[in-house]
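A short write-up of the structure that comes next.
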Amino acid sequence: MMNQILFAGVIGLFLTLIGTPLLIKLLARKGYGQYIRDDGPKEHHSKRGTPTMGGIAFILATIIAYFLSKVITGKPPTFSGLLVLGLMAGMGLVGFLDDYIKIVKRRSLGLRAKAKMAGQLIVGISFAVLALQFADNHGNTPASTRLSFVEDFGWTIGPVLFVVWALFMILAMSNGVNLTDGLDGLATGAATMVFGAYTFIGVWQFQESCANAQTLTNPAACYEVRDPL
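Residue 3 is where the sequence shown starts when you use the numbering used here, and the numbers rise one by one after that.
This is the structure we're talking about:
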């Protein structure tokens, strides 16, 4: 699994570094730039005309990298991976519609708040519900309702509370990035720290899971985590 993640990460980084400048040039040539309200802060006027919809490059790079890593390692796609890609693409579609409306109507307002929230709710609820389906041969679904900190407590919150919690996390992270990104492009730094922390935790949990006990230097020290990564 770690090989697949490394392959996908390297491929995704390469495609993003190559594809983003090309996409920016294409968007600039088409005149697909950011519209700024005249009554807004003067500091924001410098952003007028900045190419928008750059997220297309990240999303396409991630999807291509995922499937290429599967081809390279000879492993089939998993429901967990496909669900995460679907969540990303769904949220990306909401963002794309928001930017597209701004460009077509030549205004700073894209989707209205209620429409944007409705789109995010549809995508988030769909992901949370589907994440509790598609059980494997061991009865494990892509997501778990078990509570855990470093290891599982043995308690479950049930499907309803899981959907509520997952939806809260999805909306909080999505809109948190949007708000941070509006602060003069600070989302990159904040996201890098968050992704770095999750990567460290994920790798650590994967290495310590009893599912990999045969590869551990001290198998007796492993502990159970429903979803180590």
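In this text, a Cβ means the ideal position worked out from N, Cα and C, and glycines have one as well.
Is it the case that the Cβ atoms of residue i and residue j are separated by a distance below 8 Å?
| i | j | result |
| --- | --- | --- |
| Leu24 | Ala67 | no |
| Leu169 | Gly126 | yes |
| Gln122 | Leu173 | yes |
| Leu87 | Ile58 | no |
| Gly94 | Ala63 | no |
| Ile61 | Ala91 | yes |
| Thr147 | Gly160 | yes |
| Gln6 | Lys118 | no |
Decide if residue i is buried, meaning its Cβ has at least 16 other Cβ atoms within 10 Å, or exposed.
| i | result |
| --- | --- |
| Leu29 | buried |
| Asp100 | buried |
| His47 | With a pLDDT of only 48 at His47, under the threshold of 50, the placement of this residue in the model should not be trusted, and no figure is reported. |
| Thr54 | buried |
| Val73 | exposed |
| Pro230 | Here the model assigns Pro230 a pLDDT of 48, short of 50, so the residue's position is not dependable and the matter cannot be decided. |
| Val96 | buried |
| Ala130 | buried |
| Val196 | exposed |
Measuring straight from C-alpha to C-alpha, what distance separates residue i and residue j?
| i | j | result |
| --- | --- | --- |
| Ala145 | Trp157 | 15 Å |
| Pro79 | Thr182 | 33 Å |
| Ala10 | Gly83 | 12 Å |
| Val106 | Gly112 | 9 Å |
| Leu149 | Thr194 | 26 Å |
| Val12 | Ile20 | 12 Å |
| Gly141 | Ile26 | 45 Å |
| Leu132 | Leu8 | 26 Å |
| Ser71 | Phe81 | 15 Å |
| Thr190 | Asn180 | 11 Å |
| Asn177 | Val205 | 27 Å |
| Lys104 | Ala120 | 18 Å |
| Gly198 | Met175 | 15 Å |
| Arg108 | Tyr200 | 39 Å |
| Lys116 | Lys32 | 29 Å |
| Asn139 | Thr75 | 22 Å |
| Leu89 | Phe155 | 28 Å |
| Val166 | Gln135 | 16 Å |
| Met232 | Ser128 | A question about residue 232 goes unanswered here, because the residues of the chain that appear run from 3 up to 231. |
| Arg114 | Ala192 | 26 Å |
| Tyr102 | Phe202 | 36 Å |
| Thr22 | Phe69 | 19 Å |
(message) Runs of 4 residues minimum, wholly inside the stretch 62-108: which ones carry the alpha helix (DSSP H) assignment?
(response) 81-107
(request) With a floor of 3 residues, list each beta strand (DSSP E) that falls wholly inside the stretch 121-174, ordered by position along the chain. (result) 148-150 and 154-158
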